[in-house]
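Quick notes on the structure that follows.
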Amino acid sequence: MSEHLYLPELAARPAPRYTSYPTALEFSPAVGAADQAAALRGLEAGTSASLYVHVPYCQEICWYCGCNTGATGRPERLAAYVAALAREMRTVGALYQGRISRVHFGGGSPNALSPAQLASVAETIRSCFLVDEDAEWAAELDPRLLSDDHAAALAEAGITRVSLGAQTFNLGIQARINRIQPFRQVAEGVSALRRHGIERINLDLMYGLPTQELGDIVETIAKARQLEPDRVAMFGYAHLPSMLPRQRMIDASTLPDAKARFWQSALAHDLLLEAGFAAVGFDHFARPQDSLAIAARTGRLRRNFQGFTDDQADVVIGLGASSISQFPGLLVQNEKHVGGWRMRALNDTLSGVRGCRRSADDRLRAEIIERILCHGAVDLEEVAMRRGASTAQLSGALPIIDGLAGAGVLERSEWRIRITSIGRPYARLAAAAFDRRLRAQARRTSKAV
Ligand code: SF4
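Take 306 as the starting number for the sequence shown in the working numbering and just add one per residue.
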């Protein structure tokens, strides 16, 4: 067992997950499609970008879900969505002259689309963009919708890595979060993928679910191991019903308290390390030979809207309703409502409706936050000097950093900060010390652990 440090006051303190900085809570309508077009046009021909394709549909909605998605309903909706995606791709492809090094399908559930629809989206991507021969194609999948035909179509489309939402294998807890999927169903999905040559598999698991106890973590991880995933992500359930009305279906009185959450996360960490996984960032685990673990070992781990990644691209082009595009100086989100997004796509216009410009100070802070979360260490002076900034800009964070040092979460020597091995669960709090915009957001942000 590793040593763990439970600090009640810090564990309960809110901190963003920082899949971007500034975070999406800072987005405003001051940024829109014109900025998106200028950013796409302004990228040099040699740029290498990642493509993110959002599919905002699921067969049924899980009550814990924080994603922008809705129930599929009538099948015509999916056909209409695919048609609008094709138009959007043509519009974006005409503006972007660079290459695509990664393609990621997220959601929602990309496999809410039929195998033929998935094949058609992949074909349109290849016809609208210059996709590298060795680009990695990945997809998030719902195991409950994963037919053999889907697995075949995904493989044919070039998908080599998938992420399956498993969350927990305890049927009682599954009922409490409205996501019933027996272990056998997930195992059959994994077998279908492997039969068709898709070998690289990530499982998403969760702690902090209603009535969840340590025994469930043990049982779920034991079953997850039987599926031999390359990666496991262990997310803490964030109960924010005022922002996510579907979460009101979850009985808050059955949720584990902060202390129980902490020990569930700690136990999962120990069990996964015992099983031979390497810890990556604060909530990912990967086989030592997996590219994510290698990236973590070699200082190439990054963080973007998909979480921890070995993707080195600084530009992410988001397609589909609610997708976020990331450019060095701009974050911009497409219209969230499918109807509005479709109308824009079918009018051959971009659908960015909100976002945030990133100043030099934002980019400095973004790099510091990313380094703390990905590498557990940062030399503030080195980053500031390289970016032509001054450490004086960062000194406001030092009282918080020193407070965390006093609690054993990190060590500071002059401008160097290193998270301790027992401080890893609190890394988001160290990152948040550099977030100039945080105070106003505190009530809309999940707990650090
Ligand atoms: S399947 Fe995934 S995206 Fe869809 S509702 Fe459930 S958790 Fe959310």
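Glycine included, each C-beta is placed from N, C-alpha and C at the ideal position.
Test item: CB-CB of residue 715 and residue 705 under 8 Å: Residue 705 sits away from residue 715, with the two beta carbons spaced by 8 Å or more.
Which of helix, strand or coil DSSP assigns to residue 509: Taken through DSSP and simplified to helix, strand or coil, residue 509 comes out as strand.
Which residues DSSP lists as bridging residue 536, in chain order: Here residue 536 is bridged, per DSSP, to 507, 591.
Alpha-carbon spacing of residue 364 relative to residue 473, whole angstroms: Cα to Cα, residue 364 sits roughly 19 Å from residue 473.
Continuous alpha helix (DSSP H) stretch holding residue 469: start and end: Element bounds for residue 469: not the alpha helix (DSSP H) but the beta strand (DSSP E), 464–472.
Coarse secondary structure for residue 679, derived from DSSP in three states: The answer is helix: DSSP assigns residue 679 an H, G or I state.
Under the three-state DSSP convention, the category residue 756 falls into: Absent from the structure is residue 756, since the part of the chain shown begins at 306 and ends at 754.
Runs of alpha helix (DSSP H) lying entirely within the segment 530–584, each at least 4 residues, in chain order: If we require 4 residues or more, the alpha helix (DSSP H) runs fully inside the segment 530–584 come out as 563–579.
Cα-Cα separation between residue 346 and residue 368, rounded to whole angstroms: Take the alpha-carbon of residue 346 and the one of residue 368: they are about 40 Å apart.
Contacting residues, own chain, Cβ-Cβ under 6 Å from residue 550 (five flanking each side not counted): Excluding residues within five positions, none has a Cβ falling inside 6 Å.
Three-state secondary structure (DSSP) of residue 521: For residue 521, the secondary structure class from DSSP, reduced to helix, strand or coil, is helix.
Exposed unless 16 or more other CB atoms sit within 10 angstroms - verdict on residue 539: Residue environment for residue 539: buried (at least 16 other C-beta atoms within 10 angstroms of its C-beta).
CB-CB length for residue 342 against residue 400, believed under 8 Å: About 6 Å separates the beta carbon of residue 342 from that of residue 400, a gap short enough to meet the 8 Å contact definition.
Residue 670, DSSP secondary structure in three states: Residue 670 falls in the helix class under three-state DSSP.
Host beta strand (DSSP E) of residue 724 (start-end): 721–724 is the span of the beta strand (DSSP E), which, as asked, contains residue 724.
Three-state class that DSSP yields for residue 769 in the structure shown: Residue 769 cannot be examined here, being either before or after the span of the chain that is shown, 306 to 754.
Closest residue to residue 675 among 711, 617, 452 (Cα-Cα distance): Closest option to residue 675, Cα to Cα, is 617.
CB-CB length for residue 610 against residue 362, believed under 8 Å: With 8 Å as the limit, residue 610 and residue 362 do not qualify as a contact, their Cβ atoms being about 19 Å apart.
Residue 647, buried or exposed, once every other Cβ within 10 Å from all chains shown has been counted against 16: By the Cβ neighbour-count rule, residue 647 is buried, with 16 or more other Cβ atoms within 10 Å of its own.
Alpha-carbon spacing of residue 663 relative to residue 730, whole angstroms: If I take the Cα positions, the gap works out to 28 Å.
Contact check, residue 387 vs residue 425, beta carbons under 8 Å: Going by beta carbons, residue 387 and residue 425 fall inside the 8 Å limit.
Inter-residue spacing [alpha-carbon to alpha-carbon] between residue 672 and residue 491: When the Cα atoms are used, residue 672 and residue 491 turn out to be separated by approximately 37 Å.
8 Å CB neighbourhood of residue 685 in its chain, flanking five on each side removed: For residue 685, where only same-chain residues beyond five positions count, the Cβ hits under 8 Å are 673, 696, 699, 720, 721, 722.
C-alpha distance - residue 408 paired with residue 614, whole-angstrom precision: For residue 408 and residue 614, the distance between alpha carbons rounds to 13 Å.
Given 8 Å, three or more beta-carbon pairs between the segment 496–506 and the segment 452–460: The segment 496–506 vs the segment 452–460: in contact.
Distance between beta carbons of residue 635 and residue 336, contact taken as under 8 Å: Indeed, because the Cβ distance is near 7 Å, the residues count as touching under 8 Å.
Between the CA atoms of residue 406 and residue 353 - distance to the nearest angstrom: Rounded to the nearest angstrom, the two C-alpha atoms are 6 Å apart.
Whole-number beta carbon distance between residue 325 and residue 575, since they are thought to touch under 8 Å: The Cβ separation is near 30 Å, so there is no contact.
Span of the alpha helix (DSSP H) around residue 386: From DSSP, the alpha helix (DSSP H) with residue 386 extends over 380–400.
Residue 621: first and last residue of the uninterrupted beta strand (DSSP E) it sits in: Residues 620–624.
Which of helix, strand or coil DSSP assigns to residue 452: DSSP places residue 452 in coil when its eight states are reduced to three.
Pair within 8 Å by beta-carbon distance, residue 254 and residue 594: Outside the modelled stretch of the chain, which goes from 306 to 754, sits residue 254, for which no answer is possible.
Identity of the residues DSSP links to residue 639 by a beta bridge: Paired residues: 657.
Meets three-Cβ-pair contact criterion under 8 Å: the segment 727–742 and the segment 576–587: They touch, by the three-pair rule.
Pick from 652, 495, 567, 736 that is closest to residue 313, judged by C-alpha positions: Closest option to residue 313, Cα to Cα, is 567.
Cβ distance (whole Å) where residue 440 is taken to contact residue 464 below 8 Å: The beta-carbon distance between residue 440 and residue 464, rounded to whole angstroms, is 11 Å. This is too long to meet the 8 Å contact definition.
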